[in-house]
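Down below is the structure, laid out as structure tokens.
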Amino acid sequence: MKKFAIIGFGGLGKLHFINLLKIQEKRGDIALTAICNSDLSAITKTTQLNIASASLDDIDFSVYNLYTDYKEMIDKEQLDFVFVTLPSHLHAEVCVYCLEHGLDVYTEKPMAITLKQCESMIAAAEKNNKKLMVGQCLRFSEEYIYIKELIENNTYGKVVKAEFSRKSPIPGWSFENWMLDEQKSGGCIVDMHIHDVDVMVWLFGTPRDFSVLCSHNMASYESAFALYEYDGFGVSIIGDWGIPSSYKFKSYYAVTFENAYVECINGCVTLYTNEEKKEITFSGENYLYREEVEFLEGVVDGKPFKTADIYSVYETMKLIFAEKEKRR
Ligand SMILES: NC(=O)c1ccc[n+]([C@@H]2O[C@H](COP(=O)([O-])OP(=O)(O)OC[C@H]3O[C@@H](n4cnc5c(N)ncnc54)[C@H](O)[C@@H]3O)[C@@H](O)[C@H]2O)c1
């Protein structure tokens, strides 16, 4: 039986927790034994995020050992791996500590908030021969996998242009408002715009050039308008988390191929060709769940992380920090 813990039990920690209980029941060879969160009283509370919320009704937390200090937890528990779902500025420090102490690590995106921190995490994984996975979750999302397959199979010819966007009310739900502190979250570019940048790099590779404009109204660097140049086509990405709080989160993409146009509005995908307009349906499987399954198959069954290996995520991080340098 492999034992594991969750470190950071806010919005994302709870979303992963709900899925992990299901996977644990299905697999029968993993056991969540401990949870670490700076505020123990917040563990049982439901957290509402822009993308979802996790209901914790009917959960018996007395079966878990609860900690506020992750180092104490690692000392006392015989853990095999951890899920790190902490504020982003803590990812590097905690992941490196866990890797150095012989644990495999899943961490939420962004990998870290500086490139140097990302490099320290990869170095710790390599040195200790441990696995590290970063939850760049859109790679596991069926509507994005659909586009990847169209490209790989050359179904409708080459890509001619693509646009992506992600718009959110200002993120006011995080612990002590860490998301709005650029020193802790990296701002909109590193926290939210990264989702679409990662998808772009996963689909098309690193662009040969780019430009990015940021605006500031309610928060620092709250929106990014970016253009990327590839051989033969261009990509635009808008990431905006500076919208008043009554707004409901929206995600969008549109990819034009030589012989088709595919549009996705909030997960609903439509394919347009000269012959037909077709709604594309998917299984609806939760993308965080798929990501957790890949992590567990990696650390328990010894399979490679085929969707989000650490070196491919590092390519995204290089572009993200280059954008921060170049932003205007
Ligand atoms: N994949 C996605 O779509 C997605 C969406 C939202 C957030 N995220 C990422 O998930 C991570 C967590 O974000 P969140 O929204 O859950 O934040 P959050 O503020 O809701 O939760 C963070 C939790 O960490 C705890 N914490 C803070 N410092 C700690 C410490 N030193 N030791 C132990 N616990 C500590 C807090 O008490 C809080 O419960 C971030 O990196 C964020 O970028 C990913």
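In case it helps, this note's numbering puts the sequence shown at residues 339 to 666. Each residue gets a CB set at the ideal place from its N, CA and C atoms; glycine is no exception. Source: prediction; values computed, not measured.
Rounded straight-line distance, which links the Cα of residue j to that of residue i
i	j	result
E667	T493	Shown here, the chain extends from 339 to 666; a query on residue 667 therefore has no answer.
I508	V573	25 Å
H439	E614	56 Å
F643	I373	25 Å
E481	L378	37 Å
G667	H427	For residue 667 there is no data in the structure shown, the boundaries of the chain being 339 and 666.
S621	T645	18 Å
K454	K505	28 Å
G577	E446	19 Å
D647	V472	8 Å
G348	W511	10 Å
C668	N612	As shown, the chain starts at 339 and ends at 666. That puts residue 668 outside it, with no answer to give.
R477	V600	17 Å
M449	W540	15 Å
M530	C436	26 Å
M663	K656	According to the sequence as given, residue 663 is Glu; it is not Met. So the alpha carbons of these two residues sit roughly 11 Å apart.
T382	I345	14 Å
S479	Y590	13 Å
I485	V432	35 Å
A598	C475	26 Å
D398	V638	26 Å
T406	V593	45 Å
G351	S503	25 Å
Y610	F587	25 Å
D519	F421	23 Å
S583	N466	44 Å
Y568	D536	15 Å
D442	D396	30 Å
H554	W579	10 Å
L626	H354	7 Å
F659	A430	15 Å
Buried or exposed (CB count within 10 angstroms, at least 16 for buried), residue i
i	result
G366	exposed
A463	buried
M339	exposed
C606	exposed
L551	exposed
E632	buried
S400	exposed
G543	exposed
R666	exposed
N375	buried
A668	The structure shown has nothing for residue 668, since the chain only spans 339 to 666.
Y649	exposed
A343	buried
T385	buried
L359	exposed
R546	exposed
Where residue i falls: helix, strand or coil (DSSP)
i	result
Y444	strand
Y627	helix
D377	coil
G349	helix
L476	helix
S667	Lying outside 339 to 666, the shown extent of the chain, residue 667 is not represented and no answer is given.
L417	coil
K383	coil
Y610	strand
F633	helix
I489	helix
M471	strand
V638	coil
K409	helix
L668	Since the first and last residues shown for the chain are 339 and 666, residue 668 lies out of range.
S400	helix
L370	strand
K364	helix
F502	strand
K664	helix
K644	coil
K340	strand
K496	coil
>> Could you tell me which whole alpha helix (DSSP H) segments of length 4 or greater appear in the segment 505–565?
In response: 520–523 and 532–542
>> What ranges does the beta strand (DSSP E) occupy inside the segment 424–468, keeping only unbroken runs of at least 3 residues that lie completely in it?
In response: 442–446
>> In chain order, what are the residue ranges of uninterrupted beta strand (DSSP E) at least 3 long that sit wholly in the segment 568–606?
In response: 571–581, 588–595 and 598–603
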